[in-house]
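In what follows, a single structure is set out as structure tokens and then discussed.
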Amino acid sequence: MDRAPDISDTAFITCYFRSLDPELSRDPLASLWVDSAVARLGDKFRHEVIENDPVNIQLRCRYWVEALERFQAAHGEVSLVNLGAGFSMYPFLPCLRETSLSLEVDQSHVVAFKRARLAEFARDGRVPAVRHLAHRALDFEREPFEALLDEELAKLGRDRPTFFLLEGFFYYLSPPVSDRLWGWLRSACTAGDRIGMIHLPQEIRESAAYRRTQRFLQEDCGYDGEAIVYHEREYFSSEGLEVLDQSSHVGLARRYGVSEDHTNDNTFNEHFLLLEAGDGP
Ligand SMILES: C[S@@+](CC[C@H](N)C(=O)[O-])C[C@H]1O[C@@H](n2cnc3c(N)ncnc32)[C@H](O)[C@@H]1O
Numbered sequence: 012m013d014r015a016p017d018i019s020d021t022a023f024i025t026c027y028f029r030s031l032d033p034e035l036s037r038d039p040l041a042s043l044w045v046d047s048a049v050a051r052l053g054d055k056f057r058h059e060v061i062e063n064d065p066v067n068i069q070l071r072c073r074y075w076v077e078a079l080e081r082f083q084a085a086h087g088e089v090s091l092v093n094l095g096a097g098f099s100m101y102p103f104l105p106c107l108r109e110t111s112l113s114l115e116v117d118q119s120h121v122v123a124f125k126r127a128r129l130a131e132f133a134r135d136g137r138v139p140a141v142r143h144l145a146h147r148a149l150d151f152e153r154e155p156f157e158a159l160l161d162e163e164l165a166k167l168g169r170d171r172p173t174f175f176l177l178e179g180f181f182y183y184l185s186p187p188v189s190d191r192l193w194g195w196l197r198s199a200c201t202a203g204d205r206i207g208m209i210h211l212p213q214e215i216r217e218s219a220a221y222r223r224t225q226r227f228l229q230e231d232c233g234y235d236g237e238a239i240v241y242h243e244r245e246y247f248s249s250e251g252l253e254v255l256d257q258s259s260h261v262g263l264a265r266r267y268g269v270s271e272d273h274t275n276d277n278t279f280n281e282h283f284l285l286l287e288a289g290d291g292p
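Written as structure tokens, this is what we have:
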């Protein structure tokens, strides 16, 4: 991390938190991205900003691992398109078969660093060498992305169902860009595809934990936290898109039986949506 603070630092923090309990997160590879600087930043966040964030991020990863497992079980051969992928490791985890295809999109410095490190990990045998994983460098705020993403999807081949994952990413985009990305996703999805979406509803504005996070993002990650975007669940409703599941960190903590003490005030309470495209528009 020998560069100016950047929003991608949050992608290291999520790896650190997943690595603190790999059984709960179901990500034994997250620790590959953790060094002492990452641990220092993550410790600052959990001790000074949100105490319950490590368990939330562990459950967040578990939630998508389980969603991918079900998708894989339902369809056999699948693709994963992970937008704002950061350093997440789903293509290397047993929730996806070795024959699955993956595309990851993120800012160019994240993609360059991840590719170089993955090549090292593969050489050392720390991750399996041959995985069908493509990377695309893209800044959604600065580049027209629709045609580029169409091209990448075409390269994956659309003969198998695709899971589009947006984990801890969509709300960083400005309103016009998030609207365009949602429009692209709706047009890209065909019957059987799923969208795994994390979003923030308006009520998060009332949360003390959220206000502390906003300050941390500005002071420690060089981010203009004012630009965080809120979307009510209705925003994602659209004809031909079925809600398979929805939850939040407060909900997941209860669902998995790890805590009864999560509230909107002490939690960066991201909301989860699992959607499936039908035959409609
Ligand atoms: C909180 S991290 C989440 C990373 C990963 N999905 C995870 O859950 O660990 C947010 C990610 O969004 C990416 N991101 C934020 N704004 C972006 C933009 N305008 N274009 C591309 N990627 C962006 C960051 O680089 C970072 O990797």
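Per our numbering, the very first residue in the sequence shown carries number 12; after that it's consecutive.
Cβ coordinates follow ideal geometry from the N, Cα and C atoms, glycine included.
This structure is a prediction, so every number in the text was calculated from the model and none was measured.
- A residue is called buried once 16 or more other Cβ atoms fall within 10 Å of its Cβ, and residue 125 is buried on that count.
- Counting along the chain, residue 205 sits inside the beta strand (DSSP E) bounded by residues 205-210.
- Each of 244, 139 and 123 was checked against the Cα of residue 108, and the nearest Cα belongs to 139.
- DSSP places residue 260 inside the alpha helix (DSSP H), whose first and last residues are 260-266.
- When Cβ pairs closer than 8 Å are counted between the two stretches, the stretch 202-217 is seen to touch the stretch 164-177, the count reaching three or more.
- Shortest Cα-Cα distance from residue 145 to any of 121, 113 and 241 involves 113.
- For residue 179, the shortest C-beta to heavy atom distance toward ligand 1 is below 7 Å.
- According to the DSSP assignment, residue 228 belongs to no beta strand (DSSP E) but to the alpha helix (DSSP H) extending over 219-232.
- The beta carbon of residue 39 lies closer than 6 Å to those of 33 in the same chain, with the five residues before and after it left out.
- Rounded to the nearest whole angstrom, the C-alpha separation of residue 24 and residue 157 is 29 Å.
- Per DSSP, reduced to three states, the secondary structure at residue 147 is strand.
- The alpha carbon of residue 219 has as its nearest neighbour, out of 26, 259, 60 and 28, the alpha carbon of 60.
- Per DSSP, residue 121 is one residue of the alpha helix (DSSP H) stretching across 119-134.
- Between residue 97 and residue 19, the beta carbon gap of about 7 Å places them in contact (Cβ cut-off 8 Å).
- Taken in chain order, the whole alpha helix (DSSP H) runs of length 4 or more contained in the stretch 25-56 are 33-36.
- Remark: the shortest separation between the CB of residue 64 and any heavy atom of ligand 1 does not fall under 7 Å.
- Fewer than three beta-carbon pairs drawn from the stretch 183-201 and the stretch 264-274 are found closer than 8 Å, and the two stretches are therefore not classed as touching.
- Taking non-hydrogen atoms of ligand 1 into account, the C-beta of residue 206 is found less than 7 Å away from none of them.
- DSSP places residue 92 in the uninterrupted beta strand (DSSP E) bounded by 90-94.
- C-alpha of residue 222 to C-alpha of residue 240: approximately 14 Å in a straight line.
- Within its own chain, the residues whose Cβ lies closer than 6 Å to the Cβ of residue 172, once the five positions on either side in sequence are excluded, are 86, 89, 203 and 204, listed in chain order.
- Residue 83 counts as buried, since at least 16 other C-beta atoms from the protein chains shown sit within 10 angstroms of its C-beta.
- Closest option to residue 58, judged by alpha-carbon separation, among 128, 210, 227 and 73: 227.
- Separation of residue 242 and residue 53 (C-alpha to C-alpha, rounded to the nearest whole angstrom) is 27 Å.
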